[in-house]
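Residue numbers (our numbering): 36 to 521. Where is the CB? At the ideal position from N, CA and C, for every residue including glycine. Just so it is clear, the structure is predicted and the values come from calculations on it, not from any experiment. For reference, the structure is listed below as structure tokens.
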């Protein structure tokens, strides 16, 4: 057994001494800045300990920087080095294009504390492809340009390392008025195009006529209540709207075999702003059953999960109240009858909770897993179906208040124990962590850029783990980060 991790770790070597060349050469590029700029032939100008190896393109702070060529990102500096945030591209001919002194300030300041979120556009990561005109980041004065005029230091290098004066290429460059939409990465699913509200995700065996898992997505806040079903290659199999089209609170999704026929149903919960409306549906959106998990007037939304907790071969539905409600967990059968309930945290907590569940195995009991939402500490708890605590842990520093998303399944099938998978719900880095039901850490995964700070959802199944972006200024993205092979 092995894991396929769809990640790329760049090995970075920054040259200390670079041979210069003044040969005239024109590369077919897109001008690397959108909007008005000024620049001059300052290539070769003396500096304190070297000569200038590029051209400084002067503009305004946070002016958009774009890819000059189609190719590969072979370096994106993070954390910020002495020369500032920087991105290096390589085109198909082996030429390299350096962007240096990218912004490091929070908007409206010169504080130098903006981090990667204010330096780079989403998707800027070493090893990933780039297309000409794609957004790279934002103009600034980082590194040894701190406090000076905002500008892009732009260099062109031949494949042998010889530096080329960019001036003629810049003069001949194609200028565009808006950035180009970046294509999907290999294996990436963009369920809602350029929609930036994120997506909740689940995986299950929904289509009996085809082998393997299907991926279910629900549009996040700001999007319509749009549910889509994909195969693992990203092909759209079905889509529907479980709630009125005008609803914009987002929709949570889960899968479970609620009637014991061997086929998973899709379970949805309305997001904040909607009532605590739970629906059980076939893969084509046909409603099998629906009910309100809490009082109908509650408008904090509801999170959903499913698992066979009592061993009868039929999955129960587990719900968690959304923001504004107490940390109230409820258990329902497939007809919407409540069969259990408890409070996962202090009843006064109003940040909402996420829920997951697993059936029993020969070595672990059936369990309900909860995590506190934004405003609460990163507290994960494991309960039996009666609400008794089995274990608990903090997967992130106790002072983190962005909330946690959770799922559980036997991701590592070299054993028959389920793993609990957690991810930050808001404001966190791409730190996906795995724990046993006994609260012992068993693994760590990462996806998206290391500098990205946002929210994530996770969906686990036997031998498989998916992650999605969940808010933050980036389009909803679904990625497989673990696939087990026998």
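Candidates 302, 338 and 339, of which the one nearest residue 321 by Cα: Here residue 321 refers to the residue found at position 286 when the chain shown is read from its first residue. That would be 302, whose Cα lies nearest to the Cα of residue 321.
Spatially closest choice to residue 383 from 404, 374 and 356, by CA coordinates: Within the chain shown, the letter at position 348 stands for residue 383. The option with the nearest alpha carbon to residue 383 is 356.
Inter-residue Cα distance where the pair is residue 429 and residue 441: As a working mapping, residue 429 is identified with position 394 in the chain shown. As a working mapping, residue 441 is identified with position 406 in the chain shown. Answer to the nearest angstrom: the Cα atoms are 12 Å apart.
Ordered list of alpha helix (DSSP H) runs contained in the stretch 56-104, each at least 4 residues: none
Buried/exposed call for residue 192, threshold 16 Cβ in 10 Å: Against the chain shown, residue 192 aligns to sequence position 157. With 16 or more Cβ atoms within 10 Å of its Cβ, residue 192 is classed as buried.
Residue 235: first and last residue of the uninterrupted beta strand (DSSP E) it sits in: As a working mapping, residue 235 is identified with position 200 in the chain shown. Per DSSP, residue 235 belongs to the beta strand (DSSP E) from 234-239.
Residue closest to residue 149, alpha-carbon to alpha-carbon, out of 177, 164 and 166: As a position in the chain shown, residue 149 is number 114, starting the count at 1. It is 177 whose Cα lies nearest to the Cα of residue 149.
CB of residue 241 within 8 Å of CB of residue 265, strictly: If you number the chain shown from 1, residue 241 lands on position 206. If you number the chain shown from 1, residue 265 lands on position 230. No.
Contact check, residue 234 vs residue 219, beta carbons under 8 Å: The residue labelled residue 234 in the question sits at position 199 within the chain shown. The residue labelled residue 219 in the question sits at position 184 within the chain shown. Against a cut-off of 8 Å, the Cβ pair of residue 219 and residue 234 comes out as no contact.
DSSP state of residue 512 mapped onto helix, strand, coil: Residue 512 sits at position 477 when you count from the first residue of the chain shown. Looking at residue 512 - three-state DSSP - the assignment turns out to be coil, as it is neither helix nor strand.
For residue 203, the nearest candidate out of 348, 502, 252 and 90 (CA to CA): Here residue 203 refers to the residue found at position 168 of the chain shown. Cα-wise, what sits closest to residue 203 is 90.
Alpha helix (DSSP H) segment containing residue 202, residue limits: Taking the first residue of the chain shown as 1, we reach residue 202 at position 167. Unbroken alpha helix (DSSP H) run through residue 202: 202-207.
Continuous beta strand (DSSP E) stretch holding residue 261: start and end: Start at 1 with the first residue of the chain shown, and residue 261 comes out as number 226. Segment: none, residue 261 is in no beta strand (DSSP E) and carries neither H nor E.
The stretch 203-218 in contact with the stretch 271-282 per 3-pair CB rule at 8 Å: no
Cβ pair residue 500, residue 492 closer than 8 Å: Residue numbering aside, residue 500 sits at position 465 when the chain shown is read from its first letter. Residue numbering aside, residue 492 sits at position 457 when the chain shown is read from its first letter. No; because the gap between Cβ atoms is not below 8 Å, this pair is not in contact.
Simplified DSSP state of residue 273, which is helix, strand or coil: Counting from one through the chain shown, the residue named residue 273 turns up at place 238. The answer is strand: DSSP assigns residue 273 an E or B state.
Beta-carbon gap between residue 277 and residue 316 smaller than 8 Å: Position 242 of the chain shown holds residue 277. Position 281 of the chain shown holds residue 316. Contact: yes.
Residue 119 beta carbon less than 8 Å from that of residue 136: Counting from 1 along the chain shown, the entry for residue 136 is found at position 101. Counting from 1 along the chain shown, the entry for residue 119 is found at position 84. Their beta carbons are under 8 Å apart, which means residue 136 touches residue 119 by this criterion.
Cβ distance (whole Å) where residue 175 is taken to contact residue 138 below 8 Å: In the chain shown, the residue the question calls residue 175 occupies position 140. In the chain shown, the residue the question calls residue 138 occupies position 103. 3 Å between Cβ atoms; contact.
Selected residue, minimal CA-CA separation from residue 73, among 165, 186 and 507: Here residue 73 corresponds to residue number 38 of the chain shown, with the count starting at 1. If you compare the alpha carbons of 165, 186 and 507 with that of residue 73, the shortest gap goes to 186.
Contact the stretch 64-72 vs the stretch 90-100: 3+ CB pairs below 8 Å: yes
Euclidean distance between Cα positions of residue 14 and residue 331: Residue 14 is absent from the structure shown; the chain starts at 36 and stops at 521.
Cutoff 6 Å; reference residue 391; Cβ partners in own chain excluding five residues on either side: The residue given as residue 391 occupies position 356 in the chain shown. Result list for residue 391: 340, 404, 441, 442 and 443, in chain order.
Exposed unless 16 or more other CB atoms sit within 10 angstroms - verdict on residue 195: Counting from 1 along the chain shown, the entry for residue 195 is found at position 160. Exposed, because fewer than 16 other Cβ atoms sit within 10 Å of the Cβ of residue 195.
Terminal residues of the beta strand (DSSP E) in which residue 468 lies: The residue you call residue 468 lines up with position 433 of the chain shown. First-last of the beta strand (DSSP E) with residue 468: 466-471.
Residue range of the beta strand (DSSP E) that includes residue 136: Taking the chain shown and counting its residues from 1, the one referred to as residue 136 is at position 101. In the DSSP annotation of this structure, the continuous segment of the beta strand (DSSP E) that includes residue 136 starts and ends at 131-137.
Nearest-angstrom Cα separation, counted from residue 267 out to residue 522: An answer regarding residue 522 cannot be provided, because it is not within the stretch 36 to 521 covered by the chain.
Range of the contiguous beta strand (DSSP E) that encloses residue 111: Mapped onto the chain shown, residue 111 falls at position 76. Note, residue 111: beta strand (DSSP E), 106-111.
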